[in-house]
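Here's the structure we're looking at; comments come further down.
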Amino acid sequence: GNSVTQMEGPVTLSEEAFLTINCTYTATGYPSLFWYVQYPGEGLQLLLKATKADDKGSNKGFEATYRKETTSFHLEKGSVQVSDSAVYFCALTGAGNKLTFGGGTRVLVKP
Amino acid sequence: NAGVTQTPKFQVLKTGQSMTLQCAQDMNHNSMYWYRQDPGMGLRLIYYSASEGTTDKGEVPNGYNVSRLNKREFSLRLESAAPSQTSVYFCASSPGGQGTDTQYFGPGTRLTVL
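What follows is the structure, given as structure tokens:
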């Protein structure tokens, strides 16, 4: 079946540091790939997505590229802010638009 | 436009009690989902409804039942709660059954079973 593996946290950074969160997946066919973010006390919201190989999703300074050859969808941001402190989830869709999530990576940005 | 709403926000149950978690969306979406979130495990799909009048099991359906009451509402019922069902429950909706669709999540219900 489908699965998503992402690096465990927590990841602690200083403000303006570079952030990378690794995500790799196993899936049949050609899934769509997503990054969702969960701010403290809230539900998940879409951060970015890519629907086919070599697509780059971007939003709020975050980027991720759909790499089919390495089955990866790593999330990057060049300069993080305190407000980026959250839990980040990598996910993919299989049959029937059912999402399969990674375990989540908690990011803490210190001023 | 409230998006996806869930009630209650918090609930404490004793083992063996029953309860229903309510979810409603006002985006005219066809598909709705129930997930549970446990530490280190991400979110796991309990049940989903691809369209009004249909429901299907997800990854972890045991101990739960669902009802798609109409296009807007999708409820999750625990008939006899167990401590293993202590979790945070999220409802989500999406426009349809396409793999490219974004899912929109509610704020969650934090359930504790003693």
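If you read the sequences in order, they're chains A and B. So the first sequence is numbered by this note's numbering: it starts at 1 and just counts up by one. So the second sequence is numbered by this note's numbering: it starts at 1001 and just counts up by one. No residue lacks a Cβ here, since even glycine has one placed at the ideal position from N, Cα and C. Keep in mind the model is a prediction, meaning the values are calculated, not measured.
Separation of the CB atoms of valine 1004 of chain B and glutamine 1025 of chain B is rounded to 5 Å, and the pair is thereby assigned contact status at 8 Å. Fewer than three beta-carbon pairs drawn from the region 1052-1065 of chain B and the region 1096-1113 of chain B are found closer than 8 Å, and the two stretches are therefore not classed as touching. The beta carbon of serine 1018 of chain B sits closer than 8 Å to those of Arg1077, Leu1078, Glu1079, Ser1080, Ala1081, all from its chain and outside the five residues before and after it, given in chain order. Under a 10 Å Cβ-count criterion, threonine 26 of chain A is classified as exposed, with fewer than 16 other Cβ atoms of the shown protein chains found around its own Cβ. Under the 8 Å Cβ criterion, the region 52-63 of chain A counts as touching the region 74-93 of chain A, having at least three qualifying pairs. For lysine 98 of chain A, at least one C-beta of chain B is nearer than 7 Å to its own C-beta.
In summary, leucine 33 of chain A is buried, with 16 or more beta-carbon neighbours lying within 10 Å of its beta-carbon over all protein chains present.
The secondary-structure analysis by DSSP pairs aspartate 1038 of chain B with nothing; it has no beta-bridge partner. In this structure, B/Phe1090 is the residue among B/Gln1085, B/Asp1101, B/Phe1090, B/Ser1051 with its C-alpha nearest to the C-alpha of glutamine 1006 of chain B. With distances taken between CA atoms, glycine 1 of chain A lies nearest to A/Phe101 out of A/Gln81, A/Phe101, A/Ser72. Judged by DSSP secondary structure, glutamate 76 of chain A falls within the beta strand (DSSP E) whose first and last residues are 75-77.
Interface annotation, leucine 48 of chain A: not in contact with chain B, CB-CB separation never under 7 Å.
DSSP places glutamine 1085 of chain B in the helix class (H, G or I) of the three-state scheme. Here serine 1075 of chain B carries a strand assignment [DSSP, helix/strand/coil]. Neighbourhood of methionine 1041 of chain B in chain A, by CB distance below 7 Å: Gly103, in chain order.
Taking the beta carbon of serine 32 of chain A as reference, the chain B residues within 8 Å of it are Gly1099, Thr1100, listed in sequence order. Exposure of valine 1012 of chain B is indicated by the presence of fewer than 16 other C-beta atoms within 10 angstroms of its C-beta. For aspartate 84 of chain A, the three-state secondary structure derived from DSSP is helix.
The Cβ atoms of leucine 46 of chain A and threonine 1100 of chain B do not sit closer than 7 Å to each other.
For alanine 17 of chain A, the three-state secondary structure derived from DSSP is coil. Interface annotation, proline 1008 of chain B: not in contact with chain A, CB-CB separation never under 7 Å. For phenylalanine 89 of chain A, the chain B residues whose C-beta falls within less than 9 Å of its own C-beta are Gly1042, Leu1043, listed in chain order.
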